[in-house]
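Presented below is the structure to which this report refers.
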Amino acid sequence: MANIDPDTISNAGNNWLAFSGGPDSACLLHLLAASDLRERVRVVHVDHGLDPESCSRARLAVKIAAAMGVDCRVERLDAVELSAPGGREAAARHARYSRFQSLMEADDHVLTAHHQDDQVETFMLRLLRGSGPEGLRGMQPLRRLTPGWLGRPLLAWSRSDIMDYLALHRIDYLVDPTNEDCSLDRNYLRHRVLPEIAGRWPGYRTSILQAAKWQEAAAVAMQEKAEQTLDELSCTREDAGESLLDLTGWLALDAFPSFAVIRAWCRRRAVAPPPTRSLSEFRVQCRSADHDRQPALDWPKARLHAWRTSLWLDPRPAISDKWRTEWPDGDQCPIPAGGALVWSGIERREIGEHWQLSSPPKGARLRLHPGAPKKAIAELMREAGIPPWRRHAYPALSIDGRLCAVGVEWMARDFAEMLDRSGSRLRWHQRPAALIT
């Protein structure tokens, strides 16, 4: 029988075991409870609430853990957490990992009980969905899960290994009836498709696992090439230090290498990449768009823009196009986009009673120089090279209903003169690099 993989387990932080109470996680919990790292194990059952029996299964999971001398906490998800796009399975998985990420610290690992048979099913599902080498390499024993890591200590075990271990040690476990629901893709594959394949090709599991190893080698080679191409296409936006991609160079690549470059870029920015199909559609839009258009690709983790001669990557969360906040007591006011406007100098009340920050009002204008006409804020931002989708994030300061400044670079002339006379200053503390002009 295969050994548990020690490289997947944290020796410095906590190990958060995703405990369904089923045979796989019961086996892993028993192994961990008998190990030297027992004190670092934290057992969590996530109740998705997708069926009427989920609460009773949660109670049974707690009892199974208690029988091994381990406490199990229950985390219950709500409807909002389970409303992500991509179907019920994907939404539940995303919500489950998000909940674990909220519990973790930097040195922590989340441990799951995925095994060889899960690996085979994952390969088949990704093959049917048209995945490339990165997807077909299958689940990795250890991968990044911000702020820590995701470990799979049983990935070398088969399902029969696990069932033999449970029988040998007389370990109780629960049976989740949703595992028989063949409306779910994985269950349909497990109960309907794979038995048919096994009848014709009994050794198919070994063959698929070998194919996954070959795909892993191909994926590593593709990643290395993508990283090199990413470096060649990257350019730095002046002052902000933000990395952009050369749009023309990216479009000159063949389709699949261009997708690999975007995935490499996302890895560097620590965001999950977009689906390949969406990325393909975005590439077509970039090729056919007029020069004044701004193709964009949205997915839950980020947004990709094509603007002027570059590609821009903005991680989420984005802020509302229209926002407003009252300046609180004190000399600084937090900004939704990040950081805070900080006032120093004379008392603010000597200038006005009501201080307010908001997104720049539509059509707003400022007179920057004596005798000069007022100039549209949108035009000032365009001249400064600020992308249209970021302009609403700049704080517009109004005092007693009069627009005095946008950001810290555009100030009404009389307001700027008042600052000079009084020795006062308005600055943007901890300003996000993406909003530096």
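Residues are numbered in my numbering as their position in the sequence shown, beginning at 1, plus a constant of 757.
We treat Cβ as the ideally placed atom computed from N, Cα and C, and that holds for glycine.
The straight-line gap separating the alpha-carbon atoms of A1075 and S964 is approximately 45 angstroms.
If you look at P1091, you'll find it in the beta strand (DSSP E) that goes 1089-1091. When DSSP states are grouped into helix, strand and coil, E1104 belongs to the coil group.
Annotation: the region 909-971 contains no complete segment of the beta strand (DSSP E) (minimum length 3 residues).
Secondary structure note for R1073: it is in no alpha helix (DSSP H), with a DSSP letter that is neither H nor E.
N936 places its beta carbon 7 angstroms or farther from that of D865. Listed as beta-bridge partners of N772 by DSSP are V798, H866. By the neighbour-count definition (other C-beta atoms within 10 Å, threshold 16), T869 is a buried residue. If you ignore the 5 residues before and after Y930, its C-beta comes within less than 7 angstroms of the C-beta of G778, G779, P780, A783, I821, L923, all in its own chain and listed in chain order. Taking all protein chains in view, the Cβ of A1141 is surrounded by fewer than 16 other Cβ atoms within 10 Å, so the residue is classified as exposed.
Taking the Cα of H805 as reference, the smallest distance to any Cα among A791, A818, A815, L834 is reached at L834. Following the DSSP letters along the chain, one finds D1003 inside the beta strand (DSSP E) bounded by residues 999-1003.
Taking a contact to require three or more Cβ pairs closer than 8 angstroms, the region 1136-1156 and the region 950-964 do not qualify as touching.
As the crow flies, the alpha-carbon of P1030 is around 19 angstroms from that of A849. A1129 is bridged by DSSP to nothing; it lacks a bridge partner. Cβ atoms of L1054 and L1001 stay farther apart than 8 angstroms, at about 15 angstroms.
Shown here, W1084 sits in coil according to DSSP, grouped into three states, outside any helix or strand.
Between L893 and L946 a beta carbon distance of about 15 angstroms is seen, past the 8 angstroms cut, so the two are scored as non-contacting.
By the Cβ neighbour-count rule, C1023 is buried, with 16 or more other Cβ atoms within 10 Å of its own. R949 and V801 have their C-alpha atoms roughly 31 angstroms apart. Taking C-alpha positions only, T986 is separated from I1019 by approximately 10 angstroms.
Annotation: the continuous alpha helix (DSSP H) that includes L884 extends over 873-885.
Shown here, V1163 sits in a strand according to DSSP, grouped into three states. The DSSP-derived three-state label of T1033 is helix. The count of Cβ pairs closer than 8 angstroms, one atom from the region 907-924 and one from the region 763-770, reaches three, so the stretches are in contact. Under the rule that a run must span 3 or more residues, the beta strand (DSSP E) segments found entirely inside the region 1040-1066 read 1053-1056, 1059-1064.
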